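Residue numbers (numbering that gives the first Met the number 0), protein chains in the order written: chain Z, 0 to 430; chain V, 0 to 430; chain H, 0 to 430; chain E, 0 to 430.
Quick reminder that beta carbons are idealized off the backbone N, C-alpha and C, glycines included.
No experiment lies behind these values; they were computed from the predicted model shown.
One structure is given here, and the rest of the page talks about it.
Protein chains: 4
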Amino acid sequence: MTDFFNGIEPVRFAPDATGLAYRHYDPDETVAGKRLEDQLRFAVAYWHSFAWPGGDPFGGQTFQRPWFADDMDAARRKADVAFEMFGILGVPYFCFHDADIRPEGSSFAESKRNFEEIIAVFEAKMETARTRLLWGTANLFSHRRFMSGAATNPDPEIFAWSAATIKNCMDATHRLNGENYVLWGGREGYETLLNTDLAREMDQMGRMLSMVVDYKHKIGFKGQILVEPKPQEPSKHQYDYDVATVYGFLQRYGLENEVKLNLEQGHAILAGHTFEHEIALASALGLLGSIDMNRNDYQSGWDTDQFPTNVPEVTLAYYEILKAGGFTTGGTNFDAKLRRQSLSPEDLIAAHVGAIDVCARGLKAAAKMLDDDLLEAARRDRYAGWDSADAQAMLNSDLASIAAQVEASGRDPQPQSGRQEILENIVNRYV
Amino acid sequence: MTDFFNGIEPVRFAPDATGLAYRHYDPDETVAGKRLEDQLRFAVAYWHSFAWPGGDPFGGQTFQRPWFADDMDAARRKADVAFEMFGILGVPYFCFHDADIRPEGSSFAESKRNFEEIIAVFEAKMETARTRLLWGTANLFSHRRFMSGAATNPDPEIFAWSAATIKNCMDATHRLNGENYVLWGGREGYETLLNTDLAREMDQMGRMLSMVVDYKHKIGFKGQILVEPKPQEPSKHQYDYDVATVYGFLQRYGLENEVKLNLEQGHAILAGHTFEHEIALASALGLLGSIDMNRNDYQSGWDTDQFPTNVPEVTLAYYEILKAGGFTTGGTNFDAKLRRQSLSPEDLIAAHVGAIDVCARGLKAAAKMLDDDLLEAARRDRYAGWDSADAQAMLNSDLASIAAQVEASGRDPQPQSGRQEILENIVNRYV
Amino acid sequence: MTDFFNGIEPVRFAPDATGLAYRHYDPDETVAGKRLEDQLRFAVAYWHSFAWPGGDPFGGQTFQRPWFADDMDAARRKADVAFEMFGILGVPYFCFHDADIRPEGSSFAESKRNFEEIIAVFEAKMETARTRLLWGTANLFSHRRFMSGAATNPDPEIFAWSAATIKNCMDATHRLNGENYVLWGGREGYETLLNTDLAREMDQMGRMLSMVVDYKHKIGFKGQILVEPKPQEPSKHQYDYDVATVYGFLQRYGLENEVKLNLEQGHAILAGHTFEHEIALASALGLLGSIDMNRNDYQSGWDTDQFPTNVPEVTLAYYEILKAGGFTTGGTNFDAKLRRQSLSPEDLIAAHVGAIDVCARGLKAAAKMLDDDLLEAARRDRYAGWDSADAQAMLNSDLASIAAQVEASGRDPQPQSGRQEILENIVNRYV
Amino acid sequence: MTDFFNGIEPVRFAPDATGLAYRHYDPDETVAGKRLEDQLRFAVAYWHSFAWPGGDPFGGQTFQRPWFADDMDAARRKADVAFEMFGILGVPYFCFHDADIRPEGSSFAESKRNFEEIIAVFEAKMETARTRLLWGTANLFSHRRFMSGAATNPDPEIFAWSAATIKNCMDATHRLNGENYVLWGGREGYETLLNTDLAREMDQMGRMLSMVVDYKHKIGFKGQILVEPKPQEPSKHQYDYDVATVYGFLQRYGLENEVKLNLEQGHAILAGHTFEHEIALASALGLLGSIDMNRNDYQSGWDTDQFPTNVPEVTLAYYEILKAGGFTTGGTNFDAKLRRQSLSPEDLIAAHVGAIDVCARGLKAAAKMLDDDLLEAARRDRYAGWDSADAQAMLNSDLASIAAQVEASGRDPQPQSGRQEILENIVNRYV
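This is the structure we're talking about:
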C-alpha cells in the first residue's frame, strides 16, 4: 500500500452519510433488470487521474504526485496508486493509453519493453483486484512525432510507427481481457487545408482502421473496436468530427458492421450537439458502443473534461442508452479531470464519487421514465398516422401518384401541437 | 418596364469607373481556360431579392416594394422587376422557390395554378432574356403546415403534400430547363428529441429523396439533384448537418451516385467549418455540385446571409472549386440578402455588383495561384514519401508485419515542418 | 369570460396530482423568511404569451389566436384572455410593451389613444384581479422607424418619437402602479461600424436615460428604472452588452445610483456568461434589479427564450439572488415563449406551470443551501488569510514596501486546493 | 553571432523579390504623415518566439531550440538569438515577461537576480541594437503559485509575491526605457463561482492597479500603464473581459485617466467582438493604448494566436487607429506564435515577414481610405440631422416637452437606408 490516499476508506453506499459516501449509487440495486453496477459499468481513466500534471496552455504543472517521474519505478508506483483508487471507489473498470502507464523509451523497442512490463504489473494486480479493463488505446497524439498525424501523417514512417504502436496496444488489451479497443484521432485532421491532401489522408485512415479490424480477427480479440468522434482540438479539424461523420467514413471503407463508437459528452458539445443527440443517432445507425462521461463548460470553446454534475442532462443521456437496450461491451468511462486547482488526494476521490452518484441518479431516473412509458406513449402517438396501410402504401409509391392524390383530395392537413413543454415537464417529474 | 430601378443603367465592366460598374468582373475575360462568366455562373436568388420583406425576429417589414401584395398581379409585377434586375446585372442565372414567385392559394390546386401561371411568365421572358435557371426548389419550411417537417413530418398527409409540391417544382424546373434541382430541409430535423423518432424520420427523408431521383429519371430531367446542408436554424438540429453528414445519409439510402451538394458559406460556418473545408470535402467525396455564395457574420450565431466581401476568403473557396475542375451544372448563387436597413433599389443593385466583383477577384486570384503551382508543389512534396513502392507496400500490409519492421529497423522518424505560415504568405501574394 | 382556456381550471398546489397542478410551488410556503410567492414574484410576459404569432426567420405564423387582428376589439379580447390566464396561473404580476397591447395607429396620437384605452381596460381589471404590474416598457425595436435605433438613431426625429413613446409608457406604468420601468435597447447598437458613430450614439443613449430618470422624479414614479443587457440580436452589436458594460455606461453618465438591471438568462448566455455570473456581478456592483427567467438552447446562437427546465441551473441563479437579499422591486418574469409547434392553449398553461415549479424547486434548494452555510463557510475559509491585520496593512501599502518584505521573508507561498468538485458535490445534495 | 538563423540575411524591402523580403513594408515610406515604421511600431513578442516550446493541451514540445534549458547560459543564448532576429527583421521594438527571459530561481531573490542579470544583457545589447522596448510585463499566470490568481488570490502572500514581481518588472521596464507597462490578468478571474468572492477579488485587483499607478509616478516612469482585456482562457471568466468591462472597472477605482488598454485581435474575438469594435470603443472612451496583432481561428474556441493574414480585416483595425490619431506610446506587437508544426528557423522569420507585410498593406489601405474621406463623408451625412440647433435643443430638453412636440407635429419620420453594402464596396476598392 502506498500512503497517497492515507486514511481514505473504501467508499460505501450510505444514503444518509455526511462524509464521503455514495448517496445514490448502490451497485447491487436492481435497475431496469440488472444490478446498477452492471448497467453503468463505471471506468476510471488512467490519463486524467494519474498522468495529467495539471497544466493548461497558460500554466504548467500544479499537481505534485509522488509518482511524477519519467522512470519505471515511478510507473510502478503510479500503478499501485491507481489500483488503490480503483479499490477505494469500487469501480469495475479502468481504461488507459500506452503513454499513460510507461515512460517513453529511447527507441520503439524500449518503449515497448517498458509498456509490457507495466502490462504485466496490471495483469498481476488484476488477479486479485476486481477491476477489469473496459478498453485500451494508443496515445498517437502527444509525442512530437505525431504532430502532423498518425495514420494520416504525410510521412509513411510515422504511419508505420503508429500501426506498430496500435498493434502493441491491441495485444495488451487482448492480454488483459479488455472489452473494447478505442481509437481517438486527435491529430488525424489538419491545421490548415493549405498543406493537406484530404482525400489521401482519409484513405490512409481508412486503411489503418481496416488493418485494426483485420488484426482483431487475426488474434481472436473478442472486444469491440470503437472510434471516438471529436470535431477539433488539438487539430483545427478532425476527420472523426461526430457520429454522423464517422458513419459516412465507416461506410466508405466498408467498416460499418465492424466498428462502433465511443461517445463523449464534451466532444458532442464541441461539435454543436447535445450528448443525447449523439447517443440517439449512434443508436439509430447501429453504432452505439460506449461513453466517455464528463461535461463541457458551455461558455468555454475547448474541451474542459469536467466531472459530470448536471443530473437532468445525464438522465437524458442514459435514457437514450436504455432505449437502445443498455450497454453490451461498453460502459461509462469518466474521461474527466480534476480542475488544476484541485490539488489534494481527497479531491480526486470526491470528484469520482460525486460523478458516480450523478450518473446513478441519472440512470435510475431514466429507467423509471422509460418504465412509466409517458414519453414513449406520446412519441408513438405523434407518429400514429404512419401506421395505416394507406400511409405505408403512399410512402412506397412515387411523386406523381402522390401528387395526383393530393390535388384530387382537396384536403388541407392541419399541424398538430408538438407539446414540447409538456414533455419537458414530464421529464422534470423524474429528475 | 417598371420604374423600380428608374435610372439605373445596365452594369458594365469599367475598371476605372467611379460610379456603379464592375471593376473586376469582365464576363469575357478568359480565366483558367473559360470565359469568366462561364466559370463563375452567377445566379440571383429570387427569395432574398424580391420576396423578403426585411423582417427579423424582433422587427417587421422594412422594405416597401411596389410588388408586396398577396395576389397574382403583384406576382407578375415582381417577375417584371426580377427580370429587369437580371438584365441590369447581366447575370446568366437565377434560382427560385415556388413560394417566392406565387401567392399561396386557398387549396393545393390553386397554389399550383398560381405557380404554373408565373412559370409561364418566366418561360415567356426567358425567350428573350438571356438569364437561365440555375436551379429550382420547393419551399417546404415557411408555411405552418411544415412546422414539424416536410418529408420527416409525423403526419403522412404532410409528407404527401410535400411530395406533391416537389413534383410540381421539379416539373417547373424541367420546363424551364433548369440545370439543377435543390432540396434544403430547414424543417427536416427537430426542436426536441423528446418528441422525435430520429430513425423513422431519417427513413422518411431517405424515401423522399429516392422518389425525387426516380421522378427525375422518369421525366427525363437531365439536371443534377442537389441537397443543401445546414446544421440548424430554423430547427434545433437538421439532418442535413454538413457535407460529411449528408455523405453518410446518401450512402445509407444508396443515393451517393445520384445526388450532389449545394454548399453555402454561411451554413459551413454555422456547422463549425470553413467554406473551403466543405468544398474540399465534397470534392474528395465526389459530391461537389453548386455553391450558395454569401458570408456569415463571425460574431453572430445565426444565418446572416450577407453578400460576400472578403476576397481572401472567397479566393480559398474558388481555389478548391478550380482544383475540383470547376463547375459543371453548378454555379455561384448569391444566397445573400440586403441588410434590412438597406432600403433603396440602388442598394439591391450595388450589393450584387460588389459581390460579383469580390467573386471575380477571388476566382482570378485562385486561377493564378493554381497555375503558378506553388501551393500544389509544396503539397506534393509533403506527401512525397508515400510515392515509394515500399510505402505503398507497407500501406497494403498488416499491423503485425509493420510492427516487426518498425521494431527491427530501430529508426526514429523525425517530424518535418508543416510550413503553414510560409504557405499563408504565398496565398497573400495573390489576394 | 372568453372560451379560449375552455375547461382549464385554476392551477392549484397539489404535489401528488397527475394532471395540471403545481407540484412544488405552494405560494404560501415560507422560504427564507417570506411567502414563496413574495420571494419569487412571478410575472407573465404579455408579448410572448399573447402577441407573438409563432414566426421565425424561416417561417410565418403558426398560432391561430382568436385575438390576432389589428384592431381595438382584438386588443380588448387579448386583454380578456391575458387576465384569464393570470387568474388560472395565480401569478401576482405581468409585464408589457405598448406595442403588445394596442394596435399601431396611423399617427403617434392615434397610437397613444389606442394605448391609453387598453391601459384603462387594464386598470379596470386590476381593480378586481390580484395581478399587479411588475414593469412596463416601450417597444422601440419592432416598427421599421426604429430599424437604425431609437435613442441612438441618426435621425433626431426618431429620437424624439422614442422619447415621446417612453414618456407615455412611463405614464402608463405609473398609473398602473408598476414596480419598475424597463429599457431594452435591441436596436441601440449597430449592424456595421462603417456607418456608425459609436461615441455620438452612446452620448445620445446616455442623454435619453438621463431624461428617463429625470422624468421619473418629475412625475413621482417610485418604481425602479431598469436597463436590460443583451449583447446582440437583433443588432450585430448592442451597447448594453452585459452587466459589466452597462455598469461602465451608467458611471459614464452619472446614473449608477439611479438605474439598476433586469437580467435575462438567455442574454447572459449570448454574452458568454452563466446567468449566476451576471446576477453575482450585478449584486457586487449594486445593480441587481429583476430577472427575466428563461433558458437558451446551448447549441443555438440566437435568443431561444425557452421556458426554464433545468433545476440545478435555476438553483444557482436564485442562490445569488438570495445572497443579495432577495428581490425588492424586482421579480421573476417569464420572458419565455412557447415553441412555435406548441399550438394549444394547454401548452401555454403547462409551460408556465412547469416553469413555475422549476423556479420554486430552485429557490427552495437555494434557500436550504444558504441556510446550511456549507458553501459560504468554505468560501469564508478560503479567504480567511485576508482577515489578518498584516494582510490588510499590506493591501494598503505600496509596491516597494511589499517587494522589500517578500524578498526579505524568503517565504515561498504554496497554493491550496480550490476544491471545486467537492463544492459541486455539495450543490448536488440540494438539487 | 549564434548560428541559429544561419544564412538568413536581414530582410529588406524588395517589392518584386521572389525570396524572403518585404513586398509591402518600406519603413521609410511616408504614410499619413509619418514614416511607415513610426506608424506601425512593430514589436516582436519574446514569449511566443523564444520561450514557447510548441506544446498544446494534447501534446508536448515540438520545437527543439538550442536555448531550451533552464539555466542562465541558455537564457543568455536565447537573448543572443532574440536580438539577432530583431536585427534580421529590422523591427523597432520587442516586448517580454520576466518569466520569458530568465530561469525561475529557487527563491524570489534568486529569480530576481536572474532577471536583473538578463536585463543587464538587454541593456548592453540595446546600446548598439536599434531595437527598443515597447513594453514589459510580469508573468503572473504560469507558475503554480498563481493558479488561483495573482492580485485576486485568496492568499495574501501570493498577492504580495505578485506585487513584488510587478515592482521588479516595472523597474526593469523603466531601466530599459520601455514605452509602456502592460498588465494581463489571465488568472484574475475564476474557475467556479462556488469558491469565489467576486466583489472582494475585484477590490484586490483595483488596489493592485492603484499601487501600480502610484509606483509609476514614484519612480518617474513616463510610459503608459496598459491593461490587456481577455474574456476567458485560462480562467473560465476573467475580470478584464473586454474594453467595456475594463472601462467600468477603471471608473470604479478612479483609474480611467491613468490607465489605457492593450487590445488583441484574438481576445476581441473570444469576447464576441470584432477587433475594430474594440479599437473604436477604446478610442471613444479615451482608452486606446496599443495593440497585440494576431488572428484567431474563427472555428476554434480558444486563443490560437496566429500571425495575421487577412488584409481586409487588418485594414479595418488600422482604420480605427488612424481615425483615433494613430499610436502615441503604443505599437503593433505580434502576440502571435508559430503553429507547432512550423519547426524551422525559416518559419519563424517568414511568419513575421508575412505579418509585417499584411499590416503594412492594411495601414496603407486605411490611410488612403481615410484620406479619400468617402466613408467619413457618408458617416457625417448620416448624422447630419443632429447638427441643427433644433435637434440639439431637443436633445437637451426633457421627455414631456419632446412628447408634446411629437404629438403636436403629427410627423411620421421615415427611415433612411443604412447603405451598408455600398460602404462595404467602398472598402473593397482599397484592399
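Distance between residue j and residue i (C-alpha atoms, nearest Å)
i: F49/E; j: N138/E; result: 15 Å
i: V80/Z; j: E345/Z; result: 13 Å
i: E103/H; j: E319/H; result: 40 Å
i: F333/E; j: L286/E; result: 20 Å
i: Y429/V; j: G361/V; result: 9 Å
i: G330/H; j: N295/H; result: 19 Å
Which listed residue (the options) has its alpha carbon closest to that of residue i
i: A392/V; options: W46/Z, R11/Z, Q203/Z, A78/Z; result: Q203/Z
i: D154/E; options: D386/H, E406/H, L398/H; result: D386/H
i: S343/E; options: Q415/V, I320/V, T136/V, M210/V; result: Q415/V
i: K259/H; options: E178/H, L193/H, S161/H, L192/H; result: E178/H
i: A171/E; options: G148/E, I218/E, W160/E; result: I218/E
i: A283/V; options: D296/V, Q305/V, V242/V; result: V242/V
i: V245/Z; options: T273/Z, Y214/Z, L208/Z, K215/Z; result: L208/Z
i: H236/Z; options: H47/V, A267/V, V10/V; result: A267/V
i: A159/V; options: N427/Z, I425/Z, R418/Z, S396/Z; result: S396/Z
Proximity below 8 Å, CB of residue i to CB of residue j
i: L280/H; j: L197/E; result: yes
i: G288/E; j: L225/E; result: yes
i: G265/E; j: T303/E; result: yes
i: R131/V; j: N176/V; result: yes
i: L422/H; j: A377/H; result: yes
i: L269/V; j: Q231/V; result: yes
i: I87/V; j: I100/V; result: no
i: G135/Z; j: F107/Z; result: no
i: G353/H; j: E275/Z; result: no
i: Y45/E; j: F93/E; result: yes
i: R206/Z; j: L394/V; result: yes
Within chain V, the residues that residue i reaches when beta carbons sit closer than 7 Å
i: I421/E; result: D346, A349
i: F140/H; result: F57, G58
Interface residues of chain E facing residue i [CB-CB closer than 9 Å]
i: G185/Z; result: F57, G58
Chain Z residues whose Cβ lies nearer than 8 Å to that of residue i
i: K235/E; result: D296, Q298, S299
7 Å Cβ cut-off: residues of chain Z touching residue i
i: S147/E; result: Q340
Where residue i meets chain E, residues with beta-carbon distance less than 7 Å
i: L505/H; result: This structure gives no information on residue 505/H, because the portion of chain H shown stretches from 0 to 430.
Residues bridged to residue i [DSSP beta-bridge criterion]
i: C94/H; result: A44/H, W134/H
i: E227/V; result: W183/V
i: F333/E; result: V43/E, M292/E
Residue i: contacting residues in chain V (beta-carbon distance under 8 Å)
i: R199/Z; result: Y382, W385
Contact set between residue i and chain H, taken where Cβ atoms lie within less than 8 Å
i: Q203/V; result: Residues of chain H passing the Cβ test: none, with the nearest at roughly 17 Å.
Along the region 403–420 of chain V, where does the CB come closer than 8 Å to a CB of chain C? Name the residues. Absent here is chain C; the protein component of the structure consists of chains Z, V, H and E.
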